[in-house]
Amino acid sequence: MQTIILLLFLVCFAGADDIPDGGADGILDGGCELLQRSIGVSAMHMQLLHTDHVIVFDRTDFGRSNLSLPRGICRHDPTERVLKVDCTAHSAEYDVVMNSFRPLMILTDTWCSSGAVAPNGTLIQTGGWSDGEQAIRLFTPCTDTRCDWSEDALGLSRRRWYASNQILPDGRVIVVGGGSQFNYELLSNGNSKNFFSLHFLQETSDPEENNLYPFVHLNVDGKLFIFANNRAILFDYENQTVVPAPIRPRLLQHR
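Note that the sequence shown covers residues -16 to -1, 1 to 239 in mature numbering (1 follows the signal peptide of the UniProt record, and there is no 0).
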């Protein structure tokens, strides 16, 4: 049975003239408009860039999408379980202003990957599943339709699936954790050199809960607040020091 992927693009808005002056009984008027009934690619991940373009991408190992690659281009991968030759796109660029979209060529599997946007506007996407577990993918926006993904399938120091990324004050990106990865690595200019152990990730992994996609936030003092399972730390990645927070009651993070 063929699976048909339908992606609805909607915009919800509130007119400035409709915003109430205040009061508990004030109601904010708004609405929704269908922009595209389908762009052909399921939005497992999506990122709005400074160009008002949205980059949408999905896993690559689940069969055809509903958006063909241009000029007869096909993706050839003898390790794929469903399609060894796939002539459909698993990523797209949506132009918010023009309400148009175009296919992009992504090669490695982005299932449960993670990413961040660099100061220059480049989308840095890392990890995933199967051939994408160690990948670093870069998308640098342009003013025409010639820009596309560039990928290094072995760019990461470790395989990462369900990791978390955070932009740092100096422009580097830290990639934290992932399935059975109790460590982190730092990306500079889209490149990774080494990885570092983070015992906190091992402490928060147990048979009942897990620490996939740990919550990572940049604190005002430049340190990282990391929350996983029912524990949290303030992490100084420059000096590799940890300040633990009180253990909270057990909370379900991910199943």
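Virtual Cβ for every residue (Gly too), placed ideally from N, Cα, C.
Report the option in the options whose CA atom is closest to the CA atom of residue i.
i: Trp113; options: Val160, Glu64, Phe184 and Val226; result: Glu64
i: Val69; options: Ser98, Val81 and Ser52; result: Ser52
i: Asp115; options: Cys126, Thr127 and Trp145; result: Trp145
i: Ala100; options: Leu152, Ser49, Arg55 and Asp42; result: Leu152
i: Cys223; options: Asp154, Ile217 and Lys207; result: This sequence places Asn at residue 223; Cys is not what is there. The residue with the shortest Cα to Cα distance from Asn223 is Lys207.
i: Asn213; options: Asp205, Glu187 and Tyr221; result: Glu187
i: Val40; options: Leu33, Ser49, Asn50 and His29; result: His29
Give the straight-line distance between the Cα atoms of residue i and residue j, rounded to the nearest whole angstrom.
i: Ser148; j: Ile57; result: 32 Å
i: Cys96; j: Gly14; result: 33 Å
i: Met82; j: Val227; result: 48 Å
i: Glu192; j: Ile231; result: 16 Å
i: Thr72; j: Ile90; result: 10 Å
i: Asn203; j: Pro54; result: 44 Å
i: Lys177; j: Thr106; result: 19 Å
i: Thr225; j: Asn173; result: 25 Å
Buried or exposed, going by whether 16 or more other CB atoms sit within 10 Å of the CB of residue i?
i: Arg121; result: buried
i: Tyr140; result: Residue 140 is actually Leu in this sequence, not Tyr. Burial call: buried.
i: Phe180; result: exposed
i: Ser26; result: buried
i: Ile217; result: buried
i: Thr127; result: exposed
i: Leu18; result: exposed
i: Leu196; result: buried
DSSP state of residue i, grouped into three classes?
i: Leu185; result: helix
i: Pro198; result: coil
i: Arg55; result: helix
i: Gly99; result: strand
i: Ser26; result: coil
i: Asp42; result: coil
i: Gly15; result: strand
i: Val226; result: strand
i: Ser114; result: helix
i: Tyr221; result: coil
i: Tyr78; result: strand
Taking residue i and residue j to be in contact with their CB atoms under 8 Å, please state how far apart those CB atoms are, rounded to whole angstroms.
i: Ala76; j: Leu67; result: About 18 Å; that fails the 8 Å criterion.
i: Gln118; j: Ala137; result: 7 Å
i: Phe199; j: Phe211; result: 4 Å
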